[in-house]
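Residue numbers (my numbering): 2 to 283. Beta carbons are placed, not taken as given, at the ideal position from N, Cα and C, and that holds for glycine.
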């Protein structure tokens, strides 16, 4: 009864090792360009210079991922990120944006989130918007397009969801202000949600859209630290107070119990829809 990607189950182990190593290299390329862009901007250079660099890097990573997938699986990458399904990014935006609005409204009702001021710097907003696109593309290629896909193909959906979520959350332990709980929370709310969204949509655009707007909304709109990083310029400057288990503390709202619960509920919805799809296909 296990759900697996239907194609290419019998790929040799050495090919999957190449798949993972190639994915790590793509992730390193993406992370390096991100860090370089943030560094140059912090040194006083124009934010706008980095925007085309972020966009071009994201496109190059997607193309390289296509070549890697073709080599390892003999599979056309357009099946995994088909152009006709690029509208799924919009659906991802709806899920990711709604998610953090619900989290923030809940915090506000608990008396933990208050708006102090509102401002808008379009250069910094556009910089962050494209930066988080590159973050989403590079991380989703590796964690869902390669790691989740490989585990799902070799074992099953449940193994892919759990293992990829734990690795995704575990790697966030190296972020600023991270704790064991913040990594567990990331695994629960983000790792499982993005994996479930990928399993449901069967392409990368939906998790890319969720991941992209998730980071941008919490950081650049609502003023939370993003996975422990508190160096973004936000539209809203909030005053956040209250118990750490509610607010997430210095790591940000992703370490809030509210985020973990809501993320888990959305994940379960995607998993339920995925299982229903499987039964319809049988």
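Beta carbon of residue i: closer than 7 Å to some heavy atom of the ligand GDP?
i          : result
residue 31 : Ligands displayed in this structure: none; no statement on the ligand GDP is therefore possible.
Go through its chain and collect everything with a Cβ distance to residue i's Cβ below 6 Å, but skip five positions before and after it.
i           : result
residue 229 : 176, 177, 178, 179, 252
residue 240 : 115, 117
residue 274 : 201
residue 223 : 105, 237
How would you call residue i, buried or exposed, if buried means at least 16 neighbouring beta carbons within 10 angstroms?
i           : result
residue 145 : buried
residue 269 : exposed
residue 123 : exposed
residue 111 : exposed
residue 113 : buried
residue 106 : exposed
residue 280 : exposed
residue 204 : buried
residue 62  : buried
residue 199 : buried
residue 246 : exposed
residue 277 : exposed
residue 55  : buried
residue 33  : exposed
Going by beta carbon distance, what residues of the same chain come within less than 7 Å of residue i, once the five residues before and after it are set aside?
i           : result
residue 23  : 69
residue 121 : 236
residue 185 : 170
residue 242 : 113
residue 87  : 206
residue 189 : 261, 264, 265
Name the one or two DSSP bridge partners that residue i has.
i           : result
residue 239 : 116
residue 258 : Per DSSP, none; premise fails for residue 258.
residue 230 : 227
Cutting at 8 Å between CB atoms, please list the residues of its own chain near residue i, excluding the five before and the five after it.
i           : result
residue 130 : 217, 221
residue 25  : 143
residue 42  : 48, 51, 128
Give the C-beta separation of residue i and residue j to the nearest angstrom, bearing in mind that I take them to be a contact with Cβ-Cβ under 8 Å.
i           : j           : result
residue 206 : residue 30  : The Cβ separation is near 20 Å, so there is no contact.
residue 272 : residue 197 : 5 Å
### Message
Check whether the region 164-173 and the region 135-154 touch, using three or more Cβ-Cβ pairs below 8 Å as the test.
### Response
Between the region 164-173 and the region 135-154, the count of Cβ pairs shorter than 8 Å is three or higher; the stretches touch.
### Query
Are the region 208-220 and the region 91-98 touching by the rule of at least three beta carbon pairs closer than 8 Å?
Yes: the two stretches touch, three or more of their Cβ pairs being nearer than 8 Å.
### Query
Does the region 248-268 come within contact of the region 126-135, defined as at least 3 CB pairs closer than 8 Å?
They do not touch, by the three-pair rule.
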